[in-house]
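**Student:** Here it is: the structure, laid out below.
Numbering (our numbering), first residue to last: 1449 to 1732.
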């Protein structure tokens, strides 16, 4: 459905294929200028920017007009009309159970009427002008809303959320690769094996062990890391691969990197220097 923005009579309307695109453009304009325009669709539905205009619903006798609220929005008490004797107001719902849209159906009993309608919801209060005319000229049978202020606020929340996630990521990187004095870092590991995934460097900081892998590993299958105890039995140890490193949550004395199966099996063995094993075991 083609949608266009309501503009001055002499201006060429800007057309969009979707209501969402038109509302997005107007929300950006509101962010810059504080002004947003109603949006008109080819099927006669008018979307008003909430809080910018007093919307007008123009109906005719024997015709039902539709006021469409935001999906998920609920009417919390009975809508109040200035003239309840000559205007009939009902409610219906559309959409799925988890995304219900509330509609208020308005019908005038005669022509030439003019009153107002107040709709209280769980999100806001709507004030709408109601008019009835004798012909379909000027007849606006459907009105809805878009919410430029809410859209801009959501953009701000999304930006803040992305920044928070980025900060958390950066903090995690800092915690995984701590800045510590070099005299507390132990590099004395023996690396055996000439596989393409042979670590460039292995070291520990007294708490965790880090294996810097060759850059080619990032674009190929990662080898399996197996940490071994003093009897060469596999141990259950938390580890992860990040920023080109295997990060192991303990000081290891021996480990294997393994890739392939049976005849294609290749491995690299990493072993701590015997002297340092003794120091690590003694707690010094």
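Even glycine gets a Cβ: it sits at the ideal position worked out from N, Cα and C.
#1: In whole angstroms, give me the CA-to-CA distance for residue 1662 and residue 1647.
#2: With DSSP collapsed to three states, give me the class of residue 1712.
#3: If you follow the beta strand (DSSP E) that residue 1538 is part of, which residue opens it and which one closes it?
#4: So, with DSSP's three-state summary, where would you put residue 1643?
#5: Measuring alpha carbon to alpha carbon, tell me which residue in 1567, 1711, 1710 and 1721 is nearest residue 1640.
#6: Hey, which unbroken runs of the beta strand (DSSP E) at 3 residues or more fall wholly within the segment 1545-1575?
#7: Could you have a look at residue 1494 and say whether DSSP puts it in helix, strand or coil?
#8: I'd like to check one pair, residue 1704 with residue 1676: are the Cβ atoms closer than 9 Å?
#9: My output table needs one value for residue 1666: the three-state DSSP class, helix, strand or coil.
#10: Rounded to whole angstroms, what's the CA-CA distance from residue 1674 to residue 1649? Just pull it up for me.
#11: Do the segment 1529-1539 and the segment 1491-1504 touch if we need at least three Cβ pairs shorter than 8 Å?
#12: By how many angstroms is the C-alpha of residue 1596 removed from the C-alpha of residue 1620?
#13: Using three-state DSSP, classify residue 1671 as helix, strand or coil.
#14: Please work out which residues of its chain come closer than 7 Å, Cβ to Cβ, to residue 1560, disregarding the five sequence neighbours upstream and downstream, and give them in chain order.
#15: Would DSSP call residue 1503 helix, strand or coil?
#16: Measuring CB to CB, does residue 1558 end up less than 9 Å from residue 1578?
#17: Where does residue 1655 land, buried or exposed, given buried means 16+ other C-beta within 10 angstroms?
#18: Check whether the Cβ atoms of residue 1588 and residue 1513 lie closer than 9 Å to each other.
#19: Using the Cβ count rule (16 or more neighbours within 10 Å means buried), how would you classify residue 1529?
#20: Out of 1700, 1569 and 1526, point me to the one whose CA is closest to residue 1681's CA.
#21: Let's test the definition: count the other Cβ atoms within 10 Å of the Cβ of residue 1478 and tell me whether it reaches 16, buried, or not, exposed.
#22: The ligand SAH heavy atoms versus the CB of residue 1559: any closer than 8 Å?
#23: Give every residue of the same chain whose Cβ lies closer than 7 Å to the Cβ of residue 1714, excluding the five residues on either side of it in the sequence, and list them in chain order.
#24: For my contact list, residue 1495 and residue 1645 are in at a C-beta cut-off of 8 Å; report their separation, rounded to the angstrom.
#25: Write down the C-beta distance between residue 1520 and residue 1553 rounded to the nearest angstrom, noting that I regard them as a contact closer than 8 Å.
#26: According to DSSP, is residue 1527 part of a helix, a strand, or is it coil?
**Tutor:** Reading it off the structure:
#1: Distance between the alpha carbons of residue 1662 and residue 1647: 6 Å.
#2: Three-state DSSP puts residue 1712 in a helix.
#3: Judged by DSSP secondary structure, residue 1538 falls within the beta strand (DSSP E) whose first and last residues are 1535-1544.
#4: When secondary structure is reduced to three states using DSSP, residue 1643 falls in the coil class, being assigned neither helix nor strand.
#5: Nearest Cα to residue 1640 within the set 1567, 1711, 1710 and 1721: 1721.
#6: Runs of the beta strand (DSSP E) inside the segment 1545-1575: 1547-1556 and 1562-1568.
#7: Correct three-state label for residue 1494: strand.
#8: The beta carbons of residue 1676 and residue 1704 sit closer together than 9 Å.
#9: It is helical.
#10: So the alpha carbons of these two residues sit roughly 17 Å apart.
#11: Not touching, per the Cβ criterion.
#12: Low per-residue confidence applies at residue 1620: pLDDT is 43, beneath 50, and the placement is therefore not dependable, though the value from the model is reported in the following sentence. Inter-residue distance for residue 1620 and residue 1596 is about 36 Å (C-alpha atoms, whole angstroms).
#13: It is coil, neither helix nor strand.
#14: Taken in chain order, the residues that qualify are 1580.
#15: Coil at residue 1503, not helix or strand.
#16: For residue 1558 and residue 1578, no; Cβs fall outside 9 Å.
#17: Exposed, because fewer than 16 other Cβ atoms sit within 10 Å of the Cβ of residue 1655.
#18: Going by beta carbons, residue 1588 and residue 1513 fall inside the 9 Å limit.
#19: Buried, since its Cβ has 16 or more Cβ neighbours within 10 Å.
#20: When only C-alpha atoms are compared, the closest one is 1700.
#21: Confidence at residue 1478 is low in this model, with a pLDDT of 43, below 50, so the placement of that residue is unreliable and no value is reported for it.
#22: Among the components of this structure there are no ligands whatsoever, and the ligand SAH is therefore not found.
#23: Correct list, in chain order: 1643, 1707 and 1708.
#24: The pair is not a contact, with the Cβ atoms about 58 Å apart (cut-off 8 Å).
#25: Their Cβ separation, rounded to whole angstroms, is 19 Å, which puts residue 1520 and residue 1553 out of contact at 8 Å.
#26: Coil, per DSSP.
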